[in-house]
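Input: a single structure, listed below in structure tokens.
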Amino acid sequence: MKRVIIIGGGIGGAATALALSRVGIEPVVYERAKELREVGAGIALWANATHILQKLDLLETAMQVGCLTTNYQFNSHRGRELVNIPVDRFELPVIGIHRAELHQLLWRNVPGEKFILGETFDRFEFQGDGVLAEFASGLRVEGEALIGADGLRSRVRSAILGDEPPIYRNFKTWRGLTARIPAAYRPGYIQEYLGGGKGFGLMMLGKGKMYWYAAATASEAQPDAARGRKKELEAMYGDWFPAIPELIAATDEANILTTDLYDRPPKQPWSQKNVTLLGDAAHPMLPTMGQGACTALEDAYVVAQCLRSVLIAQASPTQLDPSLAFQQYESLRFPRTKAIVLASRRSGKMGELSHPLAVGLRHTLMKVMGSAISNSFQSLHAYRA
Ligand SMILES: Cc1cc2nc3c(=O)[nH]c(=O)nc-3n(C[C@H](O)[C@H](O)[C@H](O)COP(=O)(O)OP(=O)(O)OC[C@H]3O[C@@H](n4cnc5c(N)ncnc54)[C@H](O)[C@@H]3O)c2cc1C
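So in numbering that gives the first Met the number 0, spot 207 of the sequence shown is number 206, and the numbers just go up one at a time.
Okay, here's the thing in structure tokens:
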């Protein structure tokens, strides 16, 4: 068994730990949080991601704890349909799932002692054929390779690329969970409503939970309105499609999260010798295509397969040369993730339009280009890592 250090135990790090252990490579995950947890929100796992769950033997369980999704529908803010994309035309399902359920599915299938919690990674250095990682606690650990899955503000990334902070992309988001299912909700649908500089989406997760998300243009790090998140949202969406104010009213204020949206321009290298990046650390993107976690799953599977093929190809069964595998991984993953980062940003730009004429034109174009929009989603989801 070979030991690979993973920094970060989010969806990307947990998926990598599982994918590595499935190919006989020992992962050890170091996570700064004191417990493994994900935020209370949902995720759509498109067919490109459920393919990875199938490869990891998790698809059936994911289908039990999630909810099958059949259509992705875009509407005007008052509910006029603009585009309706069937997403159930693949050999694999699309699943709406609570992030915590997905996260648990991944880490529960790896022995618990492989997750070291409460350790904040500080720096690494190359040591002989291996790599030494140092943590804020003074802990020092050696491994044959290190994978930075430490998210948007990755320290591993800054050691490799030394780049600028992530870029704020002019959107604040709100995410909520409730058991209320509006009468107007169409089962199996992800329904999005688009207005001037604002949007709102809703979808079913498993276990009878309804997940909704809202985004609006705002300057960076805006504090909550003094009257509270819920009241602010009620004012913003009060005259939208009636299911929207109904959902906001039915959600506990404590179950509403806010997040500012950032990404980074696609940039290489991700890898330096036996150290590489994965998930948001490698390619942070706006959530407008819903692919951040899905591509982190793809990365996890591909990096494990690349390490496995190098292991098999090498003459000595006890030595692993990860640098070769990481080069191969990066060359497979960079072009796809670059395209999605850029497409997500273009989609974010369209969402920024606020002048009623521009919004009307956008909606006319969406109606006219319905089948082109549908095809571009289908080709994104058709990818099999
Ligand atoms: C509003 C919103 C909606 C989204 N919706 C979707 C969606 O529908 N579908 C989808 O596919 N994606 C979605 N995403 C994107 C998705 O959430 C991310 O792409 C995904 O969570 C990235 O996973 P990750 O493991 O790479 O990073 P993270 O989830 O950020 O995990 C990084 C982990 O590293 C740990 N860490 C950080 N620094 C250190 C350190 N120095 N030492 C040790 N540990 C460290 C952190 O504590 C964290 O646990 C959305 C994102 C947002 C903001």
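Idealized CB from N, CA, C, for every residue including glycine.
Only a predicted model underlies this, so the values are computations on that prediction, with no experimental measurement involved.
What do you get for residue i, buried or exposed, if any count of 16 or more other CB atoms within 10 angstroms of its CB means buried?
{"i": "ARG41", "result": "Looking at the sequence itself, residue 41 is Gly, so the reference to Arg does not match. With 16 or more Cβ atoms within 10 Å of its Cβ, GLY41 is classed as buried."}
{"i": "SER270", "result": "buried"}
{"i": "ASN74", "result": "buried"}
{"i": "LEU360", "result": "exposed"}
{"i": "GLU252", "result": "exposed"}
{"i": "PHE170", "result": "buried"}
{"i": "HIS362", "result": "buried"}
{"i": "PRO334", "result": "exposed"}
{"i": "GLU143", "result": "buried"}
{"i": "PRO283", "result": "buried"}
{"i": "ILE243", "result": "buried"}
{"i": "ILE166", "result": "exposed"}
{"i": "HIS354", "result": "exposed"}
{"i": "THR319", "result": "It should be noted that the sequence gives Leu, not Thr, for residue 319. When all chains shown are included, LEU319 counts as buried."}
{"i": "PRO321", "result": "buried"}
{"i": "GLU34", "result": "exposed"}
{"i": "GLU80", "result": "exposed"}
{"i": "ALA299", "result": "buried"}
{"i": "ILE311", "result": "exposed"}
{"i": "GLU219", "result": "exposed"}
To the nearest angstrom, report how far apart residue i and residue j are at their CA atoms.
{"i": "VAL236", "j": "ASP121", "result": "The question names Val, but residue 236 in the sequence shown is Tyr. Rounded to whole angstroms, TYR236 to ASP121 spans 43 Å at the Cα level."}
{"i": "LEU246", "j": "GLY289", "result": "21 Å"}
{"i": "GLY369", "j": "THR294", "result": "25 Å"}
{"i": "GLU329", "j": "ALA281", "result": "10 Å"}
{"i": "ALA135", "j": "GLY12", "result": "19 Å"}
{"i": "VAL309", "j": "VAL155", "result": "23 Å"}
{"i": "VAL358", "j": "LEU285", "result": "20 Å"}
{"i": "ALA43", "j": "ILE96", "result": "6 Å"}
{"i": "PRO241", "j": "TYR29", "result": "45 Å"}
{"i": "GLN221", "j": "ALA214", "result": "13 Å"}
{"i": "GLY127", "j": "GLU59", "result": "43 Å"}
{"i": "ASP238", "j": "ASP162", "result": "43 Å"}
{"i": "VAL340", "j": "LYS348", "result": "13 Å"}
{"i": "VAL140", "j": "ILE5", "result": "11 Å"}
{"i": "GLU191", "j": "GLN53", "result": "28 Å"}
{"i": "LYS229", "j": "LEU55", "result": "39 Å"}
{"i": "GLY7", "j": "VAL367", "result": "43 Å"}
{"i": "GLU297", "j": "ALA249", "result": "35 Å"}
{"i": "ILE323", "j": "ALA338", "result": "Looking at the sequence provided, one finds Leu at residue 323 rather than Ile. So the two alpha carbons sit approximately 24 Å from each other."}
{"i": "ASP149", "j": "ALA132", "result": "14 Å"}
Do you know whose CA, among the options, lies nearest residue i's CA?
{"i": "LEU145", "options": "GLY194, THR275, THR336 and TYR184", "result": "THR275"}
{"i": "PHE325", "options": "GLY147, ARG21, VAL367 and LEU57", "result": "GLY147"}
{"i": "GLY342", "options": "PRO264, VAL109 and LEU306", "result": "In the sequence as presented, Gly is not what sits at residue 342; that position holds Ala. For ALA342, the nearest C-alpha among the options comes from PRO264."}
{"i": "CYS305", "options": "ARG332, ASP279 and GLY291", "result": "ARG332"}
{"i": "LEU116", "options": "GLY9, ASP238 and SER375", "result": "GLY9"}
{"i": "GLN103", "options": "SER375, ALA14, ILE166 and TYR184", "result": "ALA14"}
{"i": "PRO268", "options": "ILE372, ALA312, GLU37 and SER157", "result": "SER157"}
{"i": "TYR184", "options": "THR336, GLY78 and GLU25", "result": "GLY78"}
{"i": "ALA384", "options": "LEU67, GLU118 and THR336", "result": "THR336"}
{"i": "ASP262", "options": "PHE125, GLY227 and ASP279", "result": "ASP279"}
{"i": "GLU351", "options": "GLY194, ARG139 and TRP106", "result": "GLY194"}
{"i": "GLU124", "options": "ASN273, SER346, LEU296 and ARG344", "result": "ASN273"}
{"i": "GLY200", "options": "ALA178, TRP106 and HIS76", "result": "HIS76"}
{"i": "ALA32", "options": "ALA292, THR172 and GLU118", "result": "GLU118"}
{"i": "PHE376", "options": "PHE89, GLY23, GLN63 and ALA61", "result": "PHE89"}
{"i": "GLU25", "options": "MET203, ARG307, ALA178 and ASN374", "result": "ARG307"}
{"i": "SER20", "options": "ARG345, ALA303, GLY196 and SER373", "result": "ALA303"}
{"i": "LEU260", "options": "LEU105, LEU323, LEU57 and ARG168", "result": "ARG168"}
{"i": "SER153", "options": "GLY137, LEU277 and THR216", "result": "LEU277"}
Assuming residue i and residue j make a contact with CB atoms under 8 Å, what is their CB distance in whole Å?
{"i": "ILE94", "j": "GLY65", "result": "4 Å"}
{"i": "VAL387", "j": "LEU17", "result": "Since the displayed the chain opens at 0 and closes at 384, residue 387 lies outside it and no answer follows."}
{"i": "LEU151", "j": "LYS266", "result": "Actually they are not in contact, since the Cβ atoms of LEU151 and LYS266 sit about 14 Å apart, beyond 8 Å."}
{"i": "LYS208", "j": "LEU176", "result": "6 Å"}
{"i": "GLN72", "j": "ILE180", "result": "No, GLN72 and ILE180 are not in contact; Cβ-Cβ is about 16 Å, not under 8 Å."}
{"i": "VAL82", "j": "MET365", "result": "5 Å"}
{"i": "LYS113", "j": "VAL3", "result": "No, LYS113 and VAL3 are not in contact; Cβ-Cβ is about 10 Å, not under 8 Å."}
{"i": "THR68", "j": "GLY198", "result": "At roughly 18 Å, the Cβ-Cβ gap does not stay under 8 Å, so THR68 and GLY198 are not in contact."}
{"i": "THR258", "j": "THR172", "result": "5 Å"}
Compute the minimum distance between the beta carbon of residue i and the heavy atoms of ligand 3, and state whether it is under 7 Å.
{"i": "ASP223", "result": "Ligand 3 is not part of this structure, which contains only ligand 1."}
Taking contact to mean at least 3 C-beta pairs separated by less than 8 Å, is the stretch 374 to 381 in contact with the stretch 32 to 51? yes
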